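I have placed the structure first, in the form of structure tokens, so that the comments after it can refer back to it.
Numbering (our numbering), first residue to last: 51 to 441.
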């Protein structure tokens, strides 16, 4: 019945259901109650919807002002307004707690929620430019005294939401047009999974957003086909990254390799072993291991050293990368040195090492500065430190 509204539910925690279906009584039983702040406000204020309470009214009024659409006039615009008012709350609190939008994990959940709101505004409220970010101030004015983290992170939340809007709006219109074309050409009521994947891969449409739009049009989505297309892309990526390595050719059985790159950037070395490797990306390369090495390997986001080997006869073999593999420092070259048994002078590119080291220090300084200015929620998830740039 439309006038019967659930305001409270009870879950009786009494049994544990085993894999075979048998019920086992829990050592401690209790009752889990769920009411929710918004529903409590609804009861106390004598209204029949969460969105009619003073929890949502300031946000809804601002959406009306921004879009020039009046709430309560049309069902589809009312839904859009409610979605945006609800989603900006969820997204803002998440960002204030330190979770930024991203392409994976919890960050992708935030991005999906925000893109759903953006699409509702675009399609039903005519919001062709970033607008949702303007609600952050209203939310902070309303909730900031009770949740100080919202007030502290107001500028960050505003900037993140605006940037997400700008990014998705660039492709949203094109994606919606493509979806209309795809639907018009269907002979069934189900969109093939590979077409949904095209929307995801090219236009950034989360699969649940595509499914929602299709349901509004009376169509379904081939979820299994989408999953197959996703897995096929992952397989292509794995294949592109695949590296074929030959067995090591061992020239001498030296003891443990020694790294001397903190003390010197130039040292005489002997080649201990080498092997050939082939990849689609790099082609043919050779991995070289020396008894001594001044070359610093890739690690902590910092790229490995480059440089060269100089043979006694003056021939040069360029070292294009350095990495650590199985506790050994491995050097990469496009060709083998001419005389494998002789001594070589191993020389590190001094300028690259110096600039890379400086950028490594700058990365830590920048991270601390960001935490000081933006807040302690800023955390370093990774880095890329090169001689010419840092990230």
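Glycine is no exception: its CB is placed at the ideal position from the N, C-alpha and C atoms.
A quick note: this is a predicted structure, and the numbers were derived from the prediction, not measured.
Across which residues does DSSP place residue i in a beta bridge pair?
i	result
residue 308	342
residue 233	Its beta-bridge partners do not exist; DSSP assigns none.
residue 372	381
residue 80	63
residue 429	Answer by DSSP bridge pairing: none, since residue 429 is not bridged.
residue 329	293, 333
residue 367	359
residue 395	318, 360
residue 405	According to DSSP, residue 405 bridges with nothing at all.
residue 184	Beta-bridge pairing links residue 184 to no other residue.
residue 324	299, 338
Exposed or buried, residue i, counting other C-beta atoms within 10 Å across all chains shown (16 or more means buried)?
i	result
residue 337	buried
residue 87	exposed
residue 153	exposed
residue 245	buried
residue 426	exposed
residue 92	buried
residue 198	exposed
residue 112	buried
residue 368	exposed
residue 55	exposed
residue 101	buried
residue 412	exposed
residue 103	buried
residue 160	buried
residue 250	buried
residue 333	exposed
residue 354	buried
residue 415	exposed
residue 222	buried
residue 288	exposed
residue 286	exposed
residue 252	exposed
residue 271	buried
residue 366	exposed
residue 241	buried
residue 335	buried
Using C-beta distances below 8 Å, list every residue in its chain close to residue i, excluding the 5 sequence neighbours before and after it, in chain order.
i	result
residue 79	62, 63, 64
residue 432	351
residue 393	318, 319, 320, 362
residue 81	60, 61, 62, 63
residue 297	325
residue 95	102, 103, 104
residue 97	103
residue 390	301, 321, 324
residue 243	271, 272, 273, 274, 275, 276, 277, 278, 279
Residues in its own chain within less than 7 Å of residue i by CB, not counting five upstream and five downstream?
i	result
residue 182	134, 138, 167, 168, 171, 211, 215
residue 190	200, 201, 204
residue 83	58, 60
residue 74	65, 66, 68
residue 208	183, 186
residue 142	186, 189, 200, 207
residue 121	110, 114, 128, 131
residue 15	Past the edges of the chain, shown from 51 to 441, lies residue 15, and the structure says nothing about it.
residue 247	276, 279, 280
residue 126	174
residue 157	149, 150, 151
residue 417	430
Can you tell which of the options has the C-alpha that lies nearest to the C-alpha of residue i?
i	options	result
residue 178	226, 400, 424	226
residue 315	288, 328, 345, 339	345
residue 347	329, 328, 325, 310	310
residue 356	429, 381, 94	381
residue 428	236, 379, 150, 194	150
residue 397	359, 417, 386	359
residue 175	119, 163, 220	119
residue 165	386, 379, 258, 108	258
residue 339	173, 386, 333, 349	386
residue 401	438, 229, 417, 260	438
residue 327	365, 287, 384, 157	384
residue 406	349, 379, 418, 366	349
residue 219	193, 242, 254, 299	254
residue 117	236, 180, 224, 99	180
residue 230	256, 243, 377, 260	260
residue 306	90, 195, 395, 378	378
Below 6 Å CB to CB, which residues in the same chain sit around residue i once its five sequence neighbours on both sides are set aside?
i	result
residue 441	434
residue 410	352, 435
residue 330	290
residue 238	none
Margin query: With three or more beta-carbon pairs closer than 8 Å as the criterion, would you say the stretch 146-164 touches the stretch 203-219?
Written below: yes
Check: Does the pairing of the stretch 318-326 with the stretch 269-285 give three or more beta-carbon distances under 8 Å?
Finding: no
Checklist line | Sufficient close CB pairs (3 or more, under 8 Å) joining the stretch 358-376 to the stretch 422-429 | finding: no
Check: If you pair each beta-carbon of the stretch 259-272 with each one of the stretch 287-301, do three or more pairs fall below 8 Å?
Finding: no
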